[in-house]
Amino acid sequence: GQSLEQPSEVTAVEGAIVQINCTYQTSGFYGLSWYQQHDGGAPTFLSYNALDGLEETGRFSSFLSRSDSYGYLLLQELQMKDSASYFCAVTTNAGKSTFGDGTTLTVKP
Amino acid sequence: DTEVTQTPKHLVMGMTNKKSLKCEQHMGHRAMYWYKQKAKKPPELMFVYSYEKLSINESVPSRFSPECPNSSLLNLHLHALQPEDSALYLCASSQVSATNEKLFFGSGTQLSVL
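Chains as they are written, first to last, in the numbering used here: chain A, 2 to 110; chain B, -18 to 95.
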């Protein structure tokens, strides 16, 4: 099976940078994705890493180290609208995506 | 069109009812998924359809019955549900299932079983 660990809560102020870590254990690892979900909304895709290194998409960046079974999501220039839950998700080569328990990010003025 | 459309948005049903959830996408994606999400919990995979064939069933009880009539449509038939089945049911799609690095989610059906 798969297991993922990420912090349950993170708090930061507007304009700051925050990093949400994710460690995983799985067989048949294919890639690591990140999703954002606002209360009452659906998860929306943020970023994906299949290879080691950093992927940058605007204010969001994601990093993966396959050898360490570790990744992180970096959010820069935080805005109030970034307050949401953030999930890392492992995709296996069997075509399954398993989500971590999620990190609740609170952005304060 | 980059949307996954789910209907209905809300559903209340009794334990003896039969109902269906519907999902539609027109992005040409060949993989479609059903996830179940309880409040403050992550989405949990239920079923995966790849090229209109059921490829993954995560040991879901038979009171949930998926159906993929064509590459754009996905249904979830519900029968004799239990109150603990109350949850947000999310449909998702991706280009293919083997490398589903990007899932597009619908807004979900909030299901209440009385």
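Where is the CB? At the ideal position from N, CA and C, for every residue including glycine.
Owing to the predicted nature of the structure, the values given are computational and were not obtained by experimental measurement.
Shortest Cα-Cα distance from residue 50 of chain B to any of B:-10, B:-7 and B:33 involves B:33.
Look at the beta carbons and you see the region 45 to 62 of chain A touching the region 19 to 36 of chain A: at least three pairs across the two are nearer than 8 angstroms. Contact check for residue -6 of chain B and residue 94 of chain B: beta-carbon distance about 6 angstroms, within the 8 angstroms limit, so the pair qualifies. Taking the Cα positions, residue 75 of chain A is about 31 angstroms away from residue 6 of chain B. The beta carbon of residue 62 of chain B sits no closer than 8 angstroms to any beta carbon of chain A.
Contact between residue 27 of chain A and residue 93 of chain A holds: their C-beta atoms lie close to 6 angstroms from each other, under 8 angstroms. Here DSSP, grouped into helix, strand and coil, assigns residue 47 of chain B to strand. For residue 58 of chain B, the pairing in a beta bridge is given by DSSP as B:1 and B:46.
A contact between stretches requires three or more CB pairs, one per stretch, nearer than 8 angstroms, and the region 10 to 19 of chain A meets this requirement with the region 72 to 91 of chain A. Here the region 53 to 60 of chain B lies against the region 0 to 15 of chain B, with 3 or more beta-carbon pairs under 8 angstroms apart.
For the pair residue 84 of chain A and residue 106 of chain A, the CB atoms are nearer than the 8 angstroms cut-off. Rounded to the nearest whole angstrom, the CA to CA distance from residue 12 of chain A to residue 103 of chain A is 14 angstroms. Beta-carbon to beta-carbon, residue 68 of chain B and residue 86 of chain B are separated by about 14 angstroms, too far to satisfy the 8 angstroms threshold. Residue 62 of chain A has its alpha-carbon roughly 26 angstroms from the corresponding atom of residue 71 of chain B.
Separation of residue 17 of chain B and residue 63 of chain B (C-alpha to C-alpha, rounded to the nearest whole angstrom) is 14 angstroms. Boundaries for residue 22 of chain B: no beta strand (DSSP E) harbours it, and the DSSP string shows neither H nor E there. For residue 87 of chain A, the closest of A:3, A:80 and A:10 by C-alpha to C-alpha distance is A:10. Neighbours of residue 30 of chain A across chain B, judged by C-beta separation under 9 angstroms, do not exist; the nearest C-beta is about 12 angstroms away. Interface criterion not met: the Cβ of residue 33 of chain B is under 8 angstroms from no Cβ in chain A. Distance between residue 90 of chain B and residue 53 of chain A, taken at the CA atoms: about 36 angstroms. Annotation: the region 16 to 68 of chain A contains the following complete segments of the beta strand (DSSP E) (minimum length 3 residues), in chain order: 19 to 26, 30 to 38, 45 to 50, 54 to 58 and 61 to 66. By DSSP's assignment, residue 13 of chain B forms a beta bridge with B:30 and B:74. Under the Cβ distance rule, residue 41 of chain B does not count among the residues neighbouring chain A, no pair being separated by less than 8 angstroms.
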